[in-house]
Structure formats: C-alpha cells, structure tokens
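J.:
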Amino acid sequence: MLGLSLQGQSGFYKDGEVHEVKFTFSQTNWDYLLDSFYVEGNEERLLASIEIDGDQYDSVGIRYKGFSSVSVDRRKNPFNVKLDWIKEQDHDGVDKLKLSNVIQDPSFVREALSYEIARKYMPASGANYVKLFINNVYWGVYTNVQDADKGFLRT
Numbered sequence: 029m030l031g032l033s034l035q036g037q038s039g040f041y042k043d044g045e046v047h048e049v050k051f052t053f054s055q056t057n058w059d060y061l062l063d064s065f066y067v068e069g070n071e072e073r074l075l076a077s078i079e080i081d082g083d084q085y086d087s088v089g090i091r092y093k094g095f096s097s098v099s100v101d102r103r104k105n106p107f108n109v110k111l112d113w114i115k116e117q118d119h120d121g122v123d124k125l126k127l128s129n130v131i132q133d134p135s136f137v138r139e140a141l142s143y144e145i146a147r148k149y150m151p152a153s154g155a156n157y158v159k160l161f162i163n164n165v166y167w168g169v170y171t172n173v174q175d176a177d178k179g180f181l182r183t
C-alpha cells in the first residue's frame, strides 16, 4: 500500500494500517443531534465513548468534520473526534481524529496517496484508513488524516 515512513510521527498513521474505531453514543438520536449542530452552525460536540483497536476512551467529543462533504441527508458523514474533550487522554500521542467519508473519491486512495506524495517533498500529515462502527453497526471505511496541529508542526 503506502510505503513512506513517518519519522517522528505517531504510529497511528503508519502506512498500510487499517484501524478499527467504534463510537458508542448513549443517545439513540445521536445522528439527529449531530445533524442539528451542523445545520445551526454550532461546533458543539456530542459526548461519546470510543474504542480504537481495542483501547477504550470515554468522555470524547464528536462532531461532523468540515462542510463540503457533510449532508443531513447522507448516512455516511465525516467526523472530527477530540479524545481530550473532557479529560486529558490520547491514543498513541493522538488527541484528535479526523475521519473523512471519502464521498468524492470512489477509489478511496486519492487523499491518502496525495499525502504520501506530499511527504516526499515537504512535511505533510500522515493518512491511512479506519473501519468505523457506530453503536455496534458497521458504518464503513474512512480516511484517517493526521491533524496539522502544534504537535505536528513541532515534529
């Protein structure tokens, strides 16, 4: 698959990895609530617990990611997850997940491949894939892109 190593970056973005991420919302109308936040332009997050490759995290904040690929009429929307929304916690040094729904790319390779090419010439985010489950229902494959935050910039 993707072959460039990410020196100094989290192993969570290692090329060729497909992670398993599970969201658990206590609210049965979680999708309606997220849709409402989006429609209102509210960047509020819904509290949930998640499991990443078997590691459990509670009190995380989840909202839709971006605007161009979100639609209240679409089942598969992109997600922005803050593991440290309520308390300090991270997964392999990562405190924010950016899961893209890849709605504009039926091949599922453009985003991850473009980051791989960019990393050959300049610092660029890591990217790979996750299989997402929401309340024990398989939701599909998403692109997992490293946030270009302060930690990324220091690296």
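Residues in the sequence shown are numbered consecutively from 29, following this note's numbering. We treat Cβ as the ideally placed atom computed from N, Cα and C, and that holds for glycine. This one's a predicted model, so the numbers in the text were calculated from it and none came from an experiment.
1. Quick one: what's got a C-beta closer than 7 Å to residue 29's C-beta in the same chain, skipping five residues either side?
2. Is residue 188 buried or exposed, if buried means 16 or more other CB atoms sit within 10 Å of its CB?
3. Within the same chain, show all residues whose beta-carbon is closer than 8 Å to that of residue 100, passing over the 5 residues directly before and after it, in chain order.
4. Compare the Cα-Cα distances from residue 78 to each of 96, 118, 168 and 72 and report the closest residue.
5. Given residue 112, which residues of its chain have a CB within under 7 Å of its CB, disregarding the five upstream and five downstream residues?
6. Taking the CB atoms as reference points, tell me whether residue 129 and residue 97 lie closer together than 8 Å.
7. Return the chain-ordered list of same chain residues with a C-beta closer than 7 Å to the C-beta of residue 32, the five sequence neighbours on each side being excluded.
8. Give me the Cα-Cα distance between residue 104 and residue 174, rounded to the nearest whole angstrom.
9. Return the chain-ordered ranges of every beta strand (DSSP E) run that is complete within the region 137-169 and spans a minimum of 3 residues.
10. Can you tell me the Cα-Cα spacing of residue 156 and residue 180, whole angstroms?
11. Whose C-alpha, out of 88, 59, 164 and 84, is nearest the C-alpha of residue 106?
T.: In brief:
1. Because residue 29 sits at a pLDDT of 37, beneath the cut-off of 50, its placement in the model cannot be relied upon, and the point is left open.
2. Lying outside 29 to 183, the shown extent of the chain, residue 188 is not represented and no answer is given.
3. 63, 66 and 67
4. 118
5. 118 and 123
6. yes
7. With a pLDDT of 37 at residue 32, under the threshold of 50, the predicted position of this residue should be treated as unreliable, and no value is reported.
8. 20 Å
9. 155-162
10. 16 Å
11. 59
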